[in-house]
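J.: Below is the structure I would like to discuss, written out as structure tokens.
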Ligand code: SF4
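Numbering (our numbering), first residue to last: 509 to 978.
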């Protein structure tokens, strides 16, 4: 969501006459987009602010802004702590960015020239009412990626998960009108976009506030009316998965065979404490229906490890759930108490060493499962959407419909521009936990292959090491 917000801010500024600078020391305006979901991300943005402060000291006329969820949460307090900020605004205020920049320039004396510093900063952190909220809708610029695009269909969240800061920083849930979404995706298709990811904090509760059609109906409209080749969505809440949505994986051609469905814990006691409103049995039932409808569906999820009061037994229930579902991948995090959330009041009683131990066990277990699933793809032929080419490694990169990264060779590097954005058949020759390696083939069916490229392995190992933070 933050990535999409940053793209929209770039687009709005471009329209207001700004150009992207590759050197922050040359910039007239620097905006940092912040994330408040975990303490680590908040510390990171504070340390980034310390670094850009040096640029501001050298160029006092630089407009320096902090956007995003930390800005929304901390509001004016940020100005006390970082008095050199010119602009502080939350995610709801993005569409007002050009006006806010104008306001900063006016306050510093109208000219907008560098050198004037004595003026009050602009702070905008109020939420628009549901009825007044407007979605920013900018198509990707020609310099930007036109293979894949995000389309925001909903903002905010009306749930109260005990650990989550999102409802406080992104405000109430608002669904975007279906006609706007369909029209935007049609335009993206005309620009050559092949894959669209529908975005929302709780994407599958789309339309539940009585503003028209349901999420499943929206998927159906997009599939039938836009011509998009691949459709994805994130993030979903298990409580809002219904039979209609499950059925769409059988009936809609564009809907990718991948479902990211955050579960957070496999223990009913912890799920209840987290106020998630489903049990592990409910979750497993959804997974069973998804597998019935589409046996090859890829599944991914999120886990929080070390939530207050999590016992060894609760943690074992999480491992057991991983085993039962057989996730293709998962994103796991150590519980991070966030001020303003319900669980912040609870004693953070699982020691850090124990949290770290559990995270490591979980990640190792997940890695084994991911590797086992990927190994089954060795020798098969997968349809891959080509996303990029590495001149350095002489390797192409793309993704399967199941959202698995594939590094491959066999295409001519001379046609780079033409091939990026195309679908190609790739024979999988080697599988690893986090990605696949392959080569292009004209064969649209599965067959065995013992070929392995050391060049590809080198690239893969680099990626694996990066993911593991080595
Ligand atoms: S549904 Fe998701 S965004 Fe909403 S409160 Fe729960 S975790 Fe946060």
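Glycine included, C-beta positions come from ideal geometry on N, C-alpha and C.
Please read these numbers as outputs of a predicted model, since none were measured by experiment.
In this structure, how does DSSP classify residue 642 when only helix, strand and coil are distinguished?
T.: For the purposes of this step, residue 642 is taken as the residue at position 134 of the chain shown. Residue 642: coil per DSSP, three-state reduction.
J.: Is there at least one non-hydrogen atom of the ligand SF4 closer than 7 Å to the beta-carbon of residue 711?
T.: Here residue 711 is taken as the residue at index 203 of the chain shown, counted from 1. No; taking the cut-off as 7 Å, the Cβ of residue 711 has no heavy atom of the ligand SF4 nearer than that.
J.: Relative to the alpha-carbon of residue 648, which residue among 658, 639 and 642 has its alpha-carbon at the smallest distance?
T.: By one-based count along the chain shown, residue 648 stands at place 140. Comparing Cα-Cα distances from residue 648 to each of 658, 639 and 642, the minimum goes to 658.
J.: What residue from 846, 859, 574 and 559 has the CA that sits closest to residue 541's CA?
T.: For the purposes of this step, residue 541 is taken as the residue at position 33 of the chain shown. When each option's Cα is compared against that of residue 541, the closest is 574.
J.: Exposed or buried, residue 614, counting other C-beta atoms within 10 Å across all chains shown (16 or more means buried)?
T.: The count along the chain shown starts at 1 and reaches residue 614 at position 106. Flag for residue 614 reads exposed.
J.: Once you ignore the five residues that flank residue 734 on each side, which residues in its own chain have a CB closer than 7 Å to its CB?
T.: Position 226 of the chain shown holds residue 734. Answer for residue 734: 690, 693, 694 and 697, listed in chain order.
J.: State the Cα-Cα distance for the pair residue 552 and residue 512, rounded to the nearest angstrom.
T.: One-based indexing of the chain shown puts residue 552 at position 44. One-based indexing of the chain shown puts residue 512 at position 4. In a straight line, the C-alpha of residue 552 is about 20 Å away from that of residue 512.
J.: Going straight from the alpha carbon of residue 650 to that of residue 776, what length do you get?
T.: Stepping through the chain shown from its first residue, residue 650 is reached at position 142. Stepping through the chain shown from its first residue, residue 776 is reached at position 268. C-alpha separation (whole angstroms): 48 Å.
J.: Below 7 Å, is the gap between the Cβ of residue 940 and the nearest heavy atom of the ligand SF4?
T.: Along the chain shown, one-based indexing puts residue 940 at 432. The answer is no for residue 940.
J.: If you draw a straight line from the alpha carbon of residue 863 to that of residue 781, how long is it in whole angstroms?
T.: Taking the first residue of the chain shown as position 1, residue 863 is located at position 355. Taking the first residue of the chain shown as position 1, residue 781 is located at position 273. So the two alpha carbons sit approximately 18 Å from each other.
J.: Taking just the CA atoms, how far does residue 831 sit from residue 824?
T.: Here residue 824 refers to the residue found at position 316 of the chain shown. Here residue 831 refers to the residue found at position 323 of the chain shown. Distance between the alpha carbons of residue 824 and residue 831: 11 Å.
J.: Looking at C-beta atoms only, is the number of pairs between the stretch 798-811 and the stretch 827-841 that lie closer than 8 Å three or more?
T.: As far as the Cβ criterion goes, the stretch 798-811 touches the stretch 827-841, which means the pair count is three or higher.
J.: Less than 7 Å between C-beta atoms, sequence neighbours within five positions excluded: which residues of the same chain meet that for residue 550?
T.: Within the chain shown, numbered from 1, the residue matching residue 550 stands at position 42. Cβ neighbours of residue 550 beyond the five flanking positions: 544 and 578.
J.: Identify the continuous beta strand (DSSP E) that holds residue 948 and give its terminal residues.
T.: The residue you call residue 948 lines up with position 440 of the chain shown. First-last of the beta strand (DSSP E) with residue 948: 944-948.
J.: Would you tell me roughly how many angstroms separate the C-alpha atoms of residue 667 and residue 785, rounded to the nearest one?
T.: Taking the chain shown and counting its residues from 1, the one referred to as residue 667 is at position 159. Taking the chain shown and counting its residues from 1, the one referred to as residue 785 is at position 277. So the alpha carbons of these two residues sit roughly 10 Å apart.
J.: Does the contact criterion of 3 or more C-beta pairs under 8 Å hold for the stretch 942-949 versus the stretch 907-920?
T.: The stretch 942-949 vs the stretch 907-920: in contact.
J.: Is it right to say residue 949 is buried, meaning 16 or more other beta carbons lie within 10 angstroms of its own, or is it exposed?
T.: To locate residue 949, count along the chain shown from 1; it is residue 441. Its Cβ being crowded by 16 or more others within 10 Å, residue 949 is buried.
J.: Indicate the three-state DSSP secondary structure (helix, strand or coil) for residue 782 in the structure shown.
T.: Counting from one through the chain shown, the residue named residue 782 turns up at place 274. DSSP places residue 782 in coil when its eight states are reduced to three.
J.: Which runs of the alpha helix (DSSP H) at least 4 residues long sit entirely within the stretch 808-863? Give them in chain order.
T.: The qualifying runs are 820-833.
J.: Run through DSSP, which three-state label would residue 554 get?
T.: For this step, residue 554 is matched to residue 46 along the chain shown. Of the three classes helix, strand and coil, the one that applies to residue 554 here is helix, per DSSP.
J.: Would you check if the distance between the CB atom of residue 737 and the CB atom of residue 789 is smaller than 8 Å?
T.: Reading the chain shown from its first residue, position 229 is the one you call residue 737. Reading the chain shown from its first residue, position 281 is the one you call residue 789. Taking 8 Å as the Cβ cut-off, residue 737 and residue 789 do not qualify as a contacting pair.
J.: Among the residues of its own chain, which have a CB less than 8 Å from the CB of residue 765, if the five just before and after it don't count?
T.: For this step, residue 765 is matched to residue 257 along the chain shown. So the qualifying residues of the chain are 757, 802, 804, 805, 806, 909 and 910.
J.: Is any heavy atom in the ligand SF4 found nearer than 7 Å to the beta carbon of residue 567?
T.: As a first step, residue 567 must be located in the chain shown, where it is residue number 59. Flag unset: Cβ of residue 567 not near the ligand SF4.
J.: Hey, how far is the Cα of residue 939 from the Cα of residue 616?
T.: If you number the chain shown from 1, residue 939 lands on position 431. If you number the chain shown from 1, residue 616 lands on position 108. Cα to Cα, the separation comes out at about 58 Å.
J.: Less than 8 Å between the beta carbons of residue 671 and residue 849, yes or no?
T.: Translated into positions along the chain shown, residue 671 becomes position 163. Translated into positions along the chain shown, residue 849 becomes position 341. Their beta carbons are under 8 Å apart, which means residue 671 touches residue 849 by this criterion.
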